[in-house]
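Student: Residue numbers (this note's numbering): 277 to 445.
Could you have a look at this structure, given as structure tokens, before my questions?
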């Protein structure tokens, strides 16, 4: 279960596991997402591969995703570091539903833009399962824009745009 970062009806959530646990869990998901059994988790997870801006090292990490108008959208808490490598729009490859694709990832750190994404996500999907985009909303609560804005301060959005002929459908 995710950990709340704020008391109140709407808050950003921290990852459900301690950071050290991801060193064990992420490789397992990476193997699963590359395997013929990827469909067990491919509806919510993909692999994103990118190059470290300082080290030049290639990194691959499993992430949850959403679809918005043919674009893949990934959110992360600001506590995590991986997304910092995507500043300025960076080429990435993704493994989506068992297929590898080339794309450009664009990072959004602007609180207003993140707030607008969260508002749109809730409009499309409701307030259940908002943990996938890094937000916890109390059951039965309809979040006000200022509540989403407060949560958005701890969240970044990564939009993944196709380079080749594919769409996130």
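Idealized CB from N, CA, C, for every residue including glycine.
Since this is a predicted model, take the numbers as computed values, not measurements.
(1) Tell me whether residue 375 sits in a helix, a strand or coil according to DSSP, three-state version.
(2) Using the C-alpha atoms, what's the distance from residue 330 back to residue 412?
(3) Can you find the residues in the same chain that come closer than 6 angstroms, C-beta to C-beta, to residue 286, ignoring five residues on each side of it along the sequence?
(4) Let me know the alpha helix (DSSP H) ranges lying completely inside the segment 393-444, each 4 residues or longer, listed in chain order.
(5) When burial is assigned at 16 or more other CB atoms within 10 Å of the CB, is residue 333 buried or exposed?
(6) Residue 348 and residue 363: beta carbons closer than 8 angstroms?
(7) Could you have a look at residue 305 and say whether DSSP puts it in helix, strand or coil?
(8) For residue 329, name the three-state secondary structure that DSSP assigns.
(9) Can you tell me which of 345, 439 and 410 puts its alpha carbon nearest to the alpha carbon of residue 381?
(10) Quick check: the Cα distance between residue 328 and residue 335, rounded to an integer number of angstroms?
(11) Is it buried or exposed for residue 338, if we count other Cβ within 10 angstroms and need 16 for buried?
(12) Going by C-alpha distance, which of 320, 310, 355 and 407 is nearest residue 341?
(13) So residue 353 and residue 290 are supposed to be a Cβ contact under 8 angstroms. How far apart are they, rounded?
Tutor: In terms of the structure at hand:
(1) Strand.
(2) Distance from the CA of residue 412 to the CA of residue 330, rounded to the nearest whole angstrom, comes to 33 angstroms.
(3) Closer than 6 angstroms at Cβ, skipping near neighbours: 413, 419, 423 and 427.
(4) Correct list: 421-428.
(5) By the neighbour-count definition (other C-beta atoms within 10 Å, threshold 16), residue 333 is an exposed residue.
(6) For residue 348 and residue 363, no; Cβs fall outside 8 angstroms.
(7) Residue state for residue 305 is assigned as helix, using DSSP reduced to three classes.
(8) Here residue 329 sits in coil by DSSP.
(9) Comparing Cα positions, the closest option is 439.
(10) Between the alpha carbons of residue 328 and residue 335 lies a distance of about 7 angstroms.
(11) So residue 338 counts as buried.
(12) Nearest Cα to residue 341 within the set 320, 310, 355 and 407: 320.
(13) So it is a contact: roughly 6 angstroms between Cβ atoms.
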